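Sequential numbering from 718 applies to the sequence shown in the working numbering.
Notes to accompany the following structure.
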Amino acid sequence: MSFKDDVNEERVDEVTRLLSKCASVGTMDDVGRTPLYIAASQGKLDIVMELMNATKVNVQTKEGATPLLIACQYGHTDVVRFLVDYANVNLATLEGVTPLFMAAQIGSLEIAKLLLEKNADANLSMLNGATPIIIAAQNGYVEIVKLLRHKGNPTATMRGGATALMIATQHRHTQVVAALLEVVNDVDIPLLDGTTPLLIACAIGQLDIVELLLTKADARKTRYVFIIDDFEILKLLQDGISSLLLAAQCGHAQVVKLLLEASSWSSTEIAASLLISIQFNRIQVYDFLISYNPDIIHHVMEDGTTALIVAAACGNVPIVNRLLEANVDINIVTKNGATALMVATEHGHIEIVKTLYARHHSPLECVMPNGATLLHIAAQNGHVSFMDFFLPVAEVDAETHDGTTPLMLAAAKGHAQIVSILLAAGCKVDLISDKQSFALLAAAQHGHYDVVATLIPQANVNLSNEDGVSALLIAAQGGYHAIVSLLLEHGADGKQCTKADRATPLIMAAAKGHYDCVEALITYSDIDHPMKDGSTALFVAAASGCIEVVRLLLNKGANANQAMKSGMTPLTIAQQYQHEEITALLLKHRV
């Protein structure tokens, strides 16, 4: 039977006998616990008293715990009362945990008092910055908070900036908040991101705590910029989101009411709260705000955003209907030139679109500043269900100011079904915009195989813009092998070249190292076609370090000795770029 077994089994007589024979009571186990530590952890006061005469009371475990700390952790008040006369009450663990911190954590007011009577430091903190008052606030121990608020710093902050007040608010400990407010004057001390206790209370909807905090807090203290889709709720959001906005966002109507009564808010701030309530479908908040200020539904934000525009963007049909019944202006435009009808079209809310469309005097005149019509918007966003609604009344080939058609937009975005519908409606497939784009080119450029396949039966596969760029060339450059093959199968000319530098699809594919595209194009191209500077597909492949493409071109008969106008050859190009493997390969093919 060991000395520790005697301690564990409370054999006080045996412990005394062993001590009289000078048994080693300083022996530690593998984690650094002594018999005294074990006795203290189990609340065995008699054994603790016996061991105190023969051991050091401040010996720490490997983690830094002392007998006093472990007695505090388990709430052994009698053992603590005895040990505080001998122990260092401020010895902390490696993580910074002190006996007083433990007392605060378990909620032992008596132990906390014993430690403070022996000058325990209430300001000592853990590595994360937590102090005894912070942990007491977290756990809702109001009496300990009242004890500690005068012994230490009640506004001490953790690493992220959290204070006892903030922690108590977060955990909904109303009495603790009240106790702290008696001694804390600056209640707006924020986290690193600007969050204050009031913002937290508003977010969680803790009405009684909000009411307490408002006795000292700044209700208009703000935090972060808030965006609804593409709409800035406030231009003044450079100042961040206020407690009012946050309460509205989270749907706490009673908190919103309290905040409005507690401070003077601008119509813009109230309107912003209304917009947020619409986006998050906080109907109670919405109802309260329009009862508080019925005219707020007509407010126009600095960027042109209105309640109707936000409701249209979010697809909030009931709110849209209520706003229309209140005769809000449906023609107001955002700074981007969008009306509620356009926004609803963009986001695909067909029911709202039909409702707003019916109310417009001239819906077909709803045009974005760039000339985009409702059909453009629907086509670009892939809203198939809108086609039957718009096509009977819209110009299928309507052009934006730069000549872009709905077909081009749908093709660029890969909306094959929209493309098919527009083609069936008789749209012109080969129109070229001022940006030198056309439907087949746009689809090929973005790798939309299905769209290319849909367009090919009606499109000119060899159409090129004024720069000489064709769908085949752009697909080759992008490495879209399936599209390249499809275009070639349908008669695309592999020998077409750009006007500026006379680059062919083969050269573009070789320059990018697109092996499969090069392989597909070789039989349709002049393998040694020179660009304006005299370089060929082999040149650009060698320069790019694409050895597999170089090998393929050489195996298909590319001229390794052909020179540029400057006199450079594929070999000298490879040497210049230090492509050793390609250099060796070209040396084998040199004549």
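Built from N, CA and C at the ideal position, the CB exists for glycine as well.
All of these numbers come straight from a predicted model, not from anything done at the bench.
| Asked | Found |
| --- | --- |
| Have a look at the DSSP bridge pairing and note the partners of Ser1202. | Per DSSP, none; premise fails for Ser1202. |
| Considering just the uninterrupted stretch of the alpha helix (DSSP H) at Ser1137, what are its terminal residues? | 1133–1141 |
| Using 8 Å for Cβ pairs, my map puts Leu963 next to Cys919. What's the rounded Cβ distance? | 5 Å |
| Give a yes or no on whether 8 Å exceeds the smallest Cβ distance from Glu1042 to chain C. | The question asks about chain C, but that chain is absent: this structure has only one protein chain. |
| State the CB to CB distance for the pair Ser1181 and Gln1134, rounded to an integer number of angstroms; the pair is presumed to be in contact (CB under 8 Å). | Between Gln1134 and Ser1181 the Cβ distance is about 27 Å, and since that is not below 8 Å, they are no contact. |
| Going by DSSP in three states, Ser1283 sits in which element: helix, strand or coil? | coil |
| Measure the beta-carbon distance from Thr783 to Gln777 and round it to whole angstroms, keeping in mind my assumption that it falls under 8 Å. | 5 Å |
| Hey, how far is the Cα of Leu1152 from the Cα of Val1136? | Reading the sequence as shown, one finds Lys at residue 1152 and not Leu. Cα to Cα, Lys1152 sits roughly 20 Å from Val1136. |
| Could you say which of Lys835, Lys868, Leu831, Glu834 lies nearest to Pro849 if we only look at CA atoms? | Lys868 |
| Is it the case that the Cβ atoms of Gly1251 and Ala1220 are separated by a distance below 8 Å? | no |
| Does Met745 pass the burial test, meaning 16 or more other C-beta atoms within 10 Å, or should it be called exposed? | exposed |
| Put Ser960 into one of helix, strand or coil per three-state DSSP. | helix |
| By the three-class DSSP mapping on this structure, what secondary structure does Ser758 have? | helix |
| Can you give me the Cβ contacts of Val1060 inside the same chain, cut-off strictly under 6 Å, excluding the 5 residues immediately before and after it? | Ile1026, Ala1029, Ala1030 |
| My guess is that Thr1117 and His1093 are in contact by the Cβ rule of under 8 Å, so how many angstroms apart are they, rounded? | 7 Å |
| Could you check if Val1017 belongs to the surroundings of the ligand SAH, using beta carbon to heavy atom distance under 7 Å? | The model depicted lacks the ligand SAH and carries no ligand whatsoever. |
| Using only the alpha-carbon positions, how far apart do Glu1265 and Ala1176 sit? | 34 Å |
| Apart from the five residues on each side of it in sequence, which residues of its chain come closer than 6 Å, Cβ to Cβ, to Thr1121? | Ser1150 |
| Could you spell out the range, first to last residue, of the alpha helix (DSSP H) harbouring Tyr1197? | First-last for Tyr1197: undefined, no H or E at that position. |
| Ser1181 by DSSP, collapsed to three states: which one? | strand |
| Kindly indicate the opening and closing residues of the alpha helix (DSSP H) around Pro871. | Per DSSP, Pro871 belongs to no alpha helix (DSSP H) and is neither H nor E. |
| Distance check for Ile906 and Leu1126, CA to CA, integer angstroms please. | 51 Å |
| In angstroms, rounded to a whole number, what distance separates the CA positions of Cys1234 and Gly968? | 56 Å |
| Ala1128 and His1165 look like a contact to me (Cβ under 8 Å); what is the Cβ gap, rounded to whole Å? | 7 Å |
| In the DSSP assignment, the alpha helix (DSSP H) including Gln1153 goes from what residue to what residue? | Neither: Gln1153 is in no alpha helix (DSSP H) and is coded neither H nor E. |
| Give the straight-line distance between the Cα atoms of Ile958 and Ser984, rounded to the nearest whole angstrom. | 15 Å |
| Whether or not the stretch 993–1001 and the stretch 1010–1020 are in contact is what I'm after, with contact meaning three or more pairs of Cβ atoms, one per stretch, closer than 8 Å; do they touch? | no |
| Is the distance from the Cβ of His1077 to the Cβ of Leu1058 below 8 Å? | yes |
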